[in-house]
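**Student:** Chains as they are written, first to last, in the numbering used here: chain A, 1 to 365; chain B, 1001 to 1162.
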Amino acid sequence: MNGPLFDIAVAVARIAVFFAFCFGLVVVMTWVERKGAAYIQDRRGPNRADIFGIRAWGLFHPLADALKFLFKEDFIPDNAHRLFYQMAPMFSLAPAILAIAVIPFGPDVTVMGRRIALQIADLNVGILYLFAVSGMTVYGVVLAGWASGSKYPLLGGLRSSAQMLSYEVSMGLSLIGIFMVFESVRMSQIVAGQGGLLFGVLPKWGVFVQPLGFILFLVAQYAEANRTPFDLPEGESELVAGYHTEYASFKFSMFMMAEYLHMVVGAAVVATLFFGGWQFPYLRDAGFLFPGGSAVAVPPALVLLLRIGAFVAKVLFFAWLYVWVRWTVPRFRYDQVMRLGWKVMLPLSLLNIFATGLILLLLKK
Amino acid sequence: METVLFILFGAIAVCGAVMVVTRKSPMASALYLILTLFAVAALFVLRQAHFLAAVQVIVYAGAVVVLFVFVIMLINVPEDRLPVERATTTRVLGVIAAGIFILESAVLARRFWMPKGPAAEVGTVETVGRALFTDYLLAFEITSVLLLAAVIGAIALAKRKT
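Okay, here's the thing in structure tokens:
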């Protein structure tokens, strides 16, 4: 294989692998969420679904759920705007899928004499693409709320659009510090920049150079993903199920998939920007180089595996963090969400930019 | 290849724009507006203006149209209760103005048709950032003051007791 054929094969392979990874994780996360909730609440959680008597700790439940969604009646309420009602789940799922494209899953690898980036698209605008795409998520929610022709979804849609607009501002501003430190908005360069050491001991990860930025970004991301403690758009005690109250069958499962895909992508973004992406602490291209000066040589194939493994482990941890937070922190009141967004997060993220600029200026002198 | 994509996205942008002004339902108009904005962003990408394309989607599709949709939802007028528009002088004037505009753009398009060769790298993050903070610093800062004035004005209006 050579020339364009090779490029196309590589592109298709990358898309297939990353897609499979993300969707596989979505399936696993639905199980993790239910199991995690159960153990946090001192229950056993789902454990009944079995195939030929094998229960595998309830791991077959996602499969059973998917089948159930497929065979339920696909119902459209009389009051709904039919076209928009059917479009809303697609508007919800598509941005989540698109966001996968810019996340680097591993370092560049050399296959048959060619360098291949383990990233679907290394865009010049990098993280801005992510903002652009995740800004589209709100339409799915808003459209679902409006097109259902029912009161609870409408309220959920209104809440969600106000909330997402508010937190998008601090989300963008909280990352400016990262851009300033690593002098790029390209995902691959931000990850490469996190390979160094801080004071000769700490890995130069985003979280260590931008601790405030990390906290702000994480909070803003939870608000953007409509996850507890910010899940007011679907607060079941007030709005039944919020914007997707009127949805059933496969359309409902598309909303669910979108939510979990957002968690997976969100976890990957946090891992990439603030925890070094595929960087393994103290691991260089040739092997480990510890701060004391001791070095351990590692074969290149193992280095690659360790790095991809590090990325997967970080993603899994942050995906789990979503579940952990959901079943630990109670839901905010709506005015509290707005106050937090505008009166706490926004000033703090502006302060973070000024402080970062000042420190960078002093370090340069 | 580039010409094919240009014509494709240009056609989508124009058709979307026509749909925006002809649809009866405000929500449909808003959604077609998003389509148009995306097509224009794609045109920016074709001219290597990646930063402009991203900002176009973030600001217009991601924030401005969301506000439109927000207002449409809040008002939520049923389609059969929308006011009926009549053919008035403004409409006639509008058609005349549109005709002049189309003629003008045809003349402009003849003079400045797609430049040949690869586009200059003027629209990337680095070049736009450098230009904003060196050559156009004053304009950039004045714009931000203008925006600040607008924000303060909005707050003053909202706080006013009627």
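Glycine residues also receive a C-beta, built at the ideal position from the N, C-alpha and C atoms.
Because the structure is a prediction, the values reported are computed rather than measured.
#1: Which runs of the alpha helix (DSSP H) fall wholly inside the stretch 1065-1147 of chain B and span at least 4 residues, in chain order?
#2: When you check each C-beta in the stretch 1051-1063 of chain B against every C-beta of chain A, which residues fall closer than 8 Å?
#3: Given residue 1032 of chain B, which residues of its chain have a CB within under 7 Å of its CB, disregarding the five upstream and five downstream residues?
#4: Chain A partners of residue 1074 of chain B, CB-CB under 8 Å?
#5: Residues in the same chain with beta-carbon distance under 6 Å from residue 1140 of chain B, minus the five sequence neighbours each way, listed in chain order, please.
#6: So for residue 110 of chain A, helix, strand or coil by DSSP?
#7: Can the beta-carbon of residue 123 of chain A be found less than 8 Å from the beta-carbon of residue 104 of chain A?
#8: Going along chain B, which residues have a C-beta under 7 Å from residue 129 of chain A?
#9: Is the Cβ-Cβ distance between residue 33 of chain A and residue 329 of chain A less than 8 Å?
#10: Using 8 Å as the threshold, is the stretch 252-262 of chain A in touch with the stretch 298-311 of chain A, meaning 3 or more CB pairs across them?
#11: Does the ligand ATP have even one heavy atom less than 7 Å from the beta-carbon of residue 78 of chain A?
#12: So what does residue 288 of chain A bridge to, in DSSP terms?
#13: Considering only residues of the stretch 118-152 of chain A, which uninterrupted alpha helix (DSSP H) runs meet the minimum length of 4 residues and lie entirely inside it, listed in chain order?
#14: Since residue 1051 of chain B contacts residue 265 of chain A with CB under 8 Å, what's their CB separation in whole angstroms?
#15: Considering only their Cβ atoms, is the gap separating residue 45 of chain A from residue 56 of chain A smaller than 8 Å?
#16: Roughly how many angstroms separate the alpha carbons of residue 83 of chain A and residue 1091 of chain B, rounded to a whole number?
#17: Nearest CA to the CA of residue 319 of chain A: which residue from A/90, A/128 and A/268?
#18: What whole-angstrom Cβ distance do residue 334 of chain A and residue 232 of chain A have, given they're in contact under 8 Å?
#19: May I ask you to list the residues that DSSP assigns as paired with residue 202 of chain A?
#20: Return the residue from the list A/36, A/54, A/130 and A/136 that minimises the CA-CA distance to residue 187 of chain A.
#21: Closest to residue 136 of chain A by C-alpha separation, out of A/41, A/88 and A/147, would be which residue?
#22: Enumerate in chain order the residues of its own chain whose CB-to-CB distance from residue 1002 of chain B is below 7 Å, with the five nearest sequence positions on each side excluded.
#23: Is the CB of residue 453 of chain A under 8 Å away from at least one CB in chain B?
#24: Would residue 158 of chain A and residue 91 of chain A be called neighbours here (beta carbons separated by less than 8 Å)?
#25: Let me know the secondary structure DSSP gives residue 307 of chain A once reduced to three states.
#26: Starting from residue 51 of chain A, follow its DSSP beta bridges and name the residues at the other end.
#27: How about residue 146 of chain A and residue 155 of chain A: are their beta carbons less than 8 Å apart?
#28: Of the residues B/1069, B/1029 and B/1007, which one's Cα is nearest the Cα of residue 1040 of chain B?
#29: Quick one: Cα of residue 15 of chain A to Cα of residue 227 of chain A, how far?
#30: Give, in chain order, every residue of the stretch 106-123 of chain A whose Cβ lies closer than 8 Å to some Cβ of chain B.
#31: What residues from the stretch 249-274 of chain A come within 8 Å of chain B, judged by C-beta to C-beta, listed N to C?
#32: Helix, strand or coil: how does DSSP classify residue 76 of chain A here?
#33: Would you list the one or two residues that DSSP bridges to residue 373 of chain A?
#34: Taking the alpha carbon of residue 221 of chain A as the point to measure from, which residue in A/80, A/76, A/247 and A/134 has its own alpha carbon closest?
#35: With 8 Å as the threshold, decide whether the Cβ of residue 301 of chain A is near any Cβ in chain B.
#36: Under 9 Å between beta-carbons, which chain B residues line up against residue 146 of chain A? List them in chain order, please.
**Tutor:** Considering the structure as presented:
#1: 1065-1075, 1089-1111 and 1125-1133
#2: 1051, 1053, 1054, 1055, 1057, 1058, 1061, 1062 and 1063
#3: 1016, 1019, 1020 and 1023
#4: 158
#5: 1132
#6: strand
#7: no
#8: 1054
#9: no
#10: no
#11: Only the bare structure without any ligand can be found here, which leaves the ligand ATP out of the picture.
#12: A/283 and A/296
#13: 127-135 and 137-147
#14: Between residue 265 of chain A and residue 1051 of chain B the Cβ distance is about 22 Å, and since that is not below 8 Å, they are no contact.
#15: no
#16: 30 Å
#17: A/268
#18: 5 Å
#19: A/198
#20: A/130
#21: A/88
#22: 1046
#23: Past the edges of chain A, shown from 1 to 365, lies residue 453 of chain A, and the structure says nothing about it.
#24: no
#25: helix
#26: A/54
#27: no
#28: B/1007
#29: 27 Å
#30: 123
#31: none
#32: coil
#33: This structure cannot speak to residue 373 of chain A, because chain A is shown only from 1 to 365.
#34: A/134
#35: no
#36: 1027, 1069, 1072, 1073 and 1076
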